[in-house]
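Chains as they are written, first to last, in my numbering: chain L, 8 to 121; chain B, -8 to 100.
Just so it is clear, CB atoms sit at the ideal spot from N, CA and C, and this is done for glycine as well.
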């Protein structure tokens, strides 16, 4: 059973387009995240979503909007894609109530903007 | 100053060697600490949590030094399959996660 899944795995699109990435977790966790891993392999948190509370990393452009229809899903919508958005996007989940915040990651979505 | 700093490596070691990585963090309010492993073109996977008293899991030993604000990972009897990038992670609460840029390990036959 896949714990955290993402679709699509690969996404190639042109500048200016709007695209969405979907994430689902079946671990029963109450917190989900989106991360961006750039070409230098640096993982940076973009958003966290815990029990309907959305925490936005202030450095993330407002072209990026997370949407959580329920506790098991956190999707990422990106408007007006730019070349610099090319990266691998990872979804993750954790159970905040444990106090340890161990995270489980999805397989990643490799986004290429041309 | 970065929240979490790691030596990027690569560390090139022969099979059977012992290798250690360090990671320093800047925020003394940090609460939880982890080592993750990331294989090429794969997602990060939790290797182990790091507890104040230090902890061991098979060939892996993690230690935390709060006074000096660093954590370490020791790998004994390295295997070829240990080749990966090791990420140090520090958290302050559920929405304050900071990843190091990773230390690359190559274990050679």
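Pair within 8 Å by beta-carbon distance, residue 82 of chain L and residue 73 of chain L: yes
Whole beta strand (DSSP E) elements within the stretch 58 to 92 of chain L, 3-residue minimum: 60 to 63, 71 to 77 and 80 to 85
Contact set for residue 71 of chain B: own chain, Cβ-Cβ below 7 Å, skip 5 residues either direction: 6, 98 and 100
Residues that residue 1 of chain B contacts on chain L, provided the C-beta gap is smaller than 8 Å: In chain order: nothing, as chain L lies at least about 12 Å away.
Beta carbon proximity, residue 118 of chain L to chain B, threshold 8 Å: no
Contact with chain B by residue 47 of chain L, beta-carbon distance below 8 Å: yes
Residue 39 of chain B - containing beta strand (DSSP E), residue span: 35 to 41
Whole-angstrom distance between residue 101 of chain L and residue 9 of chain L, CA atom to CA atom: 15 Å
Spatially closest choice to residue 14 of chain L from L:120, L:121 and L:113, by CA coordinates: L:113
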